[in-house]
Amino acid sequence: QVQLVESGGGLVQAGGSLRLSCAASRSIFSINNMGWWRQAPGKQREFVALITSIADIMYADSVKGRFTISRDMSKNTVYLQMNSLKPEDTAVYYCKAYYNGVDYWGQGNQVTVSS
Numbered sequence: 004q005v006q007l008v009e010s011g012g013g014l015v016q017a018g019g020s021l022r023l024s025c026a027a028s029r030s031i032f033s034i035n036n037m038g039w040w041r042q043a044p045g046k047q048r049e050f051v052a053l054i055t056s057i058a059d060i061m062y063a064d065s066v067k068g069r070f071t072i073s074r075d076m077s078k079n080t081v082y083l084q085m086n087s088l089k090p091e092d093t094a095v096y097y098c099k100a101y102y103n104g105v106d107y108w109g110q111g112n113q114v115t116v117s118s
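All letters in the sequence shown, in the order written, are residues 4 to 118 by our numbering.
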């Protein structure tokens, strides 16, 4: 199993930056991939960014060039640096780990971008 603890998020003005953190309960090298998803009010949860165990990275088109996913192996933590935030980035952001065929989710953190 994998437990995920998220931190970060909050309220920021458009154009600002925030960083989300996701700490895993086991070595992230052993986890197939970790990433971030988000869910805005009244919308389905959508993919944001992902990093695999061999450091392949993928981004949703809507965040390319603005968001950066990274990891610290020594802390078993994955980060999402969000720059140039837009009001449409407002959502609850969830960390997800895919490990041994199972998806594990963090508790979610609210990110609100004011115009």
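Each residue gets a CB set at the ideal place from its N, CA and C atoms; glycine is no exception.
Coarse secondary structure for Lys-46, derived from DSSP in three states: coil
Boundaries (first-last residue) of the beta strand (DSSP E) holding Gln-113: 112 to 117
Cβ-Cβ distance between Trp-40 and Leu-23 below 8 Å: no
Sequence-distant residues of its chain with Cβ nearer than 7 Å to Val-5 (five each side left out): Ala-27, Ser-28, Arg-29, Ile-34, Ala-100, Tyr-102 and Tyr-107
C-beta atoms of Met-85 and Leu-21 nearer than 8 Å: yes
Closest Cα partner of Gly-11 within the set Cys-25, Leu-53 and Arg-69: Cys-25
Gly-45, buried or exposed, once every other Cβ within 10 Å from all chains shown has been counted against 16: exposed
Backbone CA spacing between Leu-88 and Lys-78 [nearest angstrom]: 26 Å
For Asp-59, three-class secondary structure by DSSP: coil
Local Cβ density within 10 Å of Met-37, reported as buried at 16 or more and exposed below that: buried
Residue interval of the beta strand (DSSP E) (run including Leu-128): In the structure displayed, the chain extends from 4 to 118; residue 128 sits before or after that span and is not available.
Candidates Gln-110, Val-51 and Ile-72, of which the one nearest Ala-58 by Cα: Ile-72
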